[in-house]
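Peer 1: Numbering (full-length UniProt numbering), first residue to last: 1 to 452.
Idealized CB from N, CA, C, for every residue including glycine.
A quick note: this is a predicted structure, and the numbers were derived from the prediction, not measured.
A single structure is presented below for examination.
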Amino acid sequence: MTSFFCCLLQSLETDQEELRMAALYCLSQLAQSIHKIHQDKSIDASLVQYFDNIKSPCSSSELSQRSGSGDHECHPEYMVEELCKVLITLFMKIELETMRYQCSQDELWPRVCSCLASVLAVSCRGRLYGIHVDFPRVLLASLQGVRDHLSVLGKPVETIRNANHSPTMRVLYWMLMVIGSCMVDCIAAKECFADGGISASLNRLWPWCMITDQLRRATLILLFNFTNGCPKAWSCMCTCVGGRCLLGEVCTLCARECTLQSSTRPCSLLLLCIHTLRHCADHAQCRSNILKSDILLVLFKSIIRERGRGGSTGVCWTRLACAVSRYSDGSAALLSLRAQLPSLPPNLLGLALPALAHAAHHHRQTLLQAPDLLELLAGTLLAGDTTEMVSAARAVWALAANNHKAKLLLRSAGVAAAVQSALQRLRRANKDPSSQRALELLTYTNTVLQAT
């Protein structure tokens with residue numbers, strides 16, 4: 001197999017254009033097939049690890065010692081690093097020979113970008129090598145060049161009549177794709193882009209990024225990867241440039257997609273928006289902006305309206321609700337919808353129960369004064385599955401702990417009896433680990449309710 005990769009490497013380094021194009025296509029297809037998502041939403045990690053760990057035949061102990069020394073001309077130890085080195089060199093060479101915003105007119109450049117994006121998306125070692133040779137700085141400079149060129153041209157609608165075929169728009173698209181691939185599960189890369197000021201460029205470029213479906217999707221994929229587990233990225237999402245911040249624009253786009261949803265329109269862009277917002281929910285300022293935008297209510301109304309057309313949006317909404325409700329302000333926003341919560345489809349209502357448990361912790365009195373929510377908790381304990389019963393029991397526990405008046409209210413509302421019924425049901429169930437843990441929680445909750 002090593003000889004195959006050596007052949008690819010030699011073909012990429014050759015001056016014969018047809019051979020190089022064939023190698024780029026072959027490597028792109030290989031990387032995409034390795035990263036293929038199976039029907040069960042899984043990826044074969046063994047293939048990824050194999051691809052990442054093929055040793056370069058050019059490496060030696062001496063070269064390996066130099067590979068992490070900070071030398072930009074380092075000698076890669078692994079084959080994927082060799083491939084990334086050649087691809088990055090080709091990328092930079094074409095940029096030097098042509099103006100940045102005209103790169104796409106060179107037939108080779110989009111092929112190099114496509115191949116580079118595919119390899120970086122699948123290879124952790126490739127992404128780390130890119131950081132080592134300061135590739136994020138190169139990409140940010142290129143993105144700023146495109147931004148400056150578009151800013152000189154003027155407003156998007158006036159300057160680009162046929163955006164799908166505009167060379168500058170093609171450059172912007174491939175820049176977004178390569179940057180997004182650099183960020184996949186790589187905190188170091190995300191922090192490099194955050195420190196380099198990517199938020200300023202994206203804020204300035206936002207009107208152009210929204211021109212076509214392809215650009216919108218590339219932008220949201222980038223932001224989805226950028227915000228996944230990176231606190232610096234969350235801060236960047238709130239950075240205001242020219243009266244615009246990325247988080248606010250994502251909320252606006254999310255609301256727009258909600259109004260356009262139909263049975264014939266794909267919901268992938270809407271789901272990316274919701275996932276991106278959920279990634280940012282732990283950041284106080286981000287969460288504040290999300291709640292001020294009323295996007296929770298907008299999404300909720302959309303779910304109720306489209307309840308017969310699949311549940312992907314609804315599932316994502318429940319996850320966003322659970323993320324924001326871990327905090328007092330988010331719980332308050334969720335409870336403002338309490339009158340409409342029972343109108344959720346039953347499957348989504350079950351998924352929203354963890355959010356209700358968080359709300360019970362932060363806003364005990366509000367829940368105790370909401371008979372419909374107490375009835376929901378009792379009904380879940382009586383008829384829900386094990387996971388739903390656990391969430392309902394957590395909410396009851398939070399309401400009853402160290403509060404005698406709350407215990408009396410819960411008893412009068414039938415919640416205490418529902419806990420006892422759920423306890424008996426679990427005792428008769430299979431003794432699998434999840435049932436045992438649920439049994440322990442319900443036993444403790446019942447003890448708390450019965451204590452005076």
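Within the same chain, show all residues whose beta-carbon is closer than 7 Å to that of residue 485, passing over the 5 residues directly before and after it, in chain order.
Peer 2: No answer is possible for residue 485: the residues shown for the chain start at 1 and end at 452.
Peer 1: Rounded to whole angstroms, how far is the Cβ of arginine 20 from the Cβ of leucine 12, which I believe are closer than 8 Å?
Peer 2: About 6 Å; that satisfies the 8 Å criterion.
Peer 1: According to DSSP, simplified to helix, strand and coil, what is arginine 338?
Peer 2: In this structure, arginine 338 counts as coil in the three-state DSSP scheme.
Peer 1: Rounded to whole angstroms, what is the Cα-Cα separation between leucine 439 and lysine 407?
Peer 2: Roughly 20 Å separates the two Cα atoms.
Peer 1: Would DSSP call tyrosine 78 helix, strand or coil?
Peer 2: Looking at tyrosine 78 - three-state DSSP - the assignment turns out to be strand.
Peer 1: Near asparagine 446, which residues of its chain fall below 7 Å by C-beta distance, leaving aside the five closest residues on each side in sequence?
Peer 2: Val419, Gln420 and Leu423.
Peer 1: Closest to cysteine 316 by C-alpha separation, out of Thr252, Ser114, Ser328 and Ser302, would be which residue?
Peer 2: Of the candidates Thr252, Ser114, Ser328 and Ser302, the one whose C-alpha sits nearest the C-alpha of cysteine 316 is Ser302.
Peer 1: Could you tell me the alpha carbon to alpha carbon distance between phenylalanine 135 and tryptophan 208, rounded to whole angstroms?
Peer 2: Taking the straight line joining both Cα atoms gives about 24 Å.
Peer 1: Using a threshold of 9 Å, state whether the C-beta atoms of leucine 260 and leucine 223 are closer than that.
Peer 2: No, the Cβ-Cβ distance between leucine 260 and leucine 223 is not below 9 Å.
Peer 1: In terms of residue numbering, what span does the alpha helix (DSSP H) encompassing asparagine 289 cover?
Peer 2: Per DSSP, asparagine 289 belongs to the alpha helix (DSSP H) from 284 to 292.
Peer 1: Between the Cα of cysteine 6 and those of Ala23, Glu18, Asp15 and Met177, spot the shortest distance and give me the residue it belongs to.
Peer 2: Measuring from the Cα of cysteine 6, the nearest candidate turns out to be Ala23.
Peer 1: Please return the same chain residues whose Cβ sits closer than 7 Å to the Cβ of tyrosine 327, not counting the five positions on each side in sequence.
Peer 2: Within the same chain, tyrosine 327 has close Cβ partners Arg287.
Peer 1: Tell me which residues share the same chain as glycine 68 and place their Cβ nearer than 7 Å to its Cβ, disregarding the 5 neighbours each side in the sequence.
Peer 2: Note that glycine 68 has pLDDT 43, beneath the 50 cutoff, so the model's placement of it is unreliable and no number is given.
Peer 1: Residues in the same chain with beta-carbon distance under 8 Å from leucine 269, minus the five sequence neighbours each way, listed in chain order, please.
Peer 2: Asp213, Arg216, Arg217, Leu220, Leu253 and Glu257.
Peer 1: So, helix, strand or coil for arginine 265, using DSSP?
Peer 2: If DSSP states are grouped into helix, strand and coil, arginine 265 belongs with coil.
Peer 1: To the nearest angstrom, report how far apart alanine 370 and alanine 352 are at their CA atoms.
Peer 2: Taking the straight line from one Cα to the other gives about 17 Å.
Peer 1: Among all the DSSP beta bridges, which residues are the ones paired with arginine 244?
Peer 2: For arginine 244, which the question treats as bridged, DSSP gives the partners Val241.
Peer 1: Can you grab the Cα-Cα spacing for the pair methionine 175 / cysteine 113, in whole Å?
Peer 2: When rounded, the distance between both Cα atoms is 8 Å.
Peer 1: Taking the continuous alpha helix (DSSP H) assigned at glutamine 450, which residues delimit it?
Peer 2: Segment 433 to 450, the alpha helix (DSSP H) holding glutamine 450.
Peer 1: Counting only beta-carbon atoms, is cysteine 113 nearer than 9 Å to chain B?
Peer 2: Reference to chain B is not applicable here, since this structure consists of a single protein chain.
Peer 1: In the DSSP assignment, find the unbroken alpha helix (DSSP H) run with glutamine 32 in it and report its ends.
Peer 2: Residues 17 to 34.
Peer 1: Along the chain, where does the alpha helix (DSSP H) containing leucine 344 start, and where does it finish?
Peer 2: Leucine 344 -> no alpha helix (DSSP H), and no H or E assigned at all.
Peer 1: Just the C-alpha distance for serine 61 and alanine 45, rounded to the nearest angstrom, thanks.
Peer 2: Any reading at serine 61 must be qualified, since the residue scores a pLDDT of 42, below 50, and its modelled position is unreliable; no value is offered.
Peer 1: Count the other CB atoms within 10 Å of the CB of proline 76; is the residue buried (16 or more) or exposed (fewer)?
Peer 2: Per the 10 Å Cβ criterion, buried.
Peer 1: Following the continuous alpha helix (DSSP H) through valine 122, name the residue where it begins and the one where it ends.
Peer 2: Unbroken alpha helix (DSSP H) run through valine 122: 108 to 122.
Peer 1: Take valine 178 and list the residues in its own chain whose beta-carbon comes closer than 6 Å to its own, dropping the five residues that flank it on each side.
Peer 2: The residues are Cys113, Leu116 and Ala117.
Peer 1: Alpha carbon to alpha carbon, how far is tyrosine 25 from arginine 111?
Peer 2: When rounded, the distance between both Cα atoms is 7 Å.
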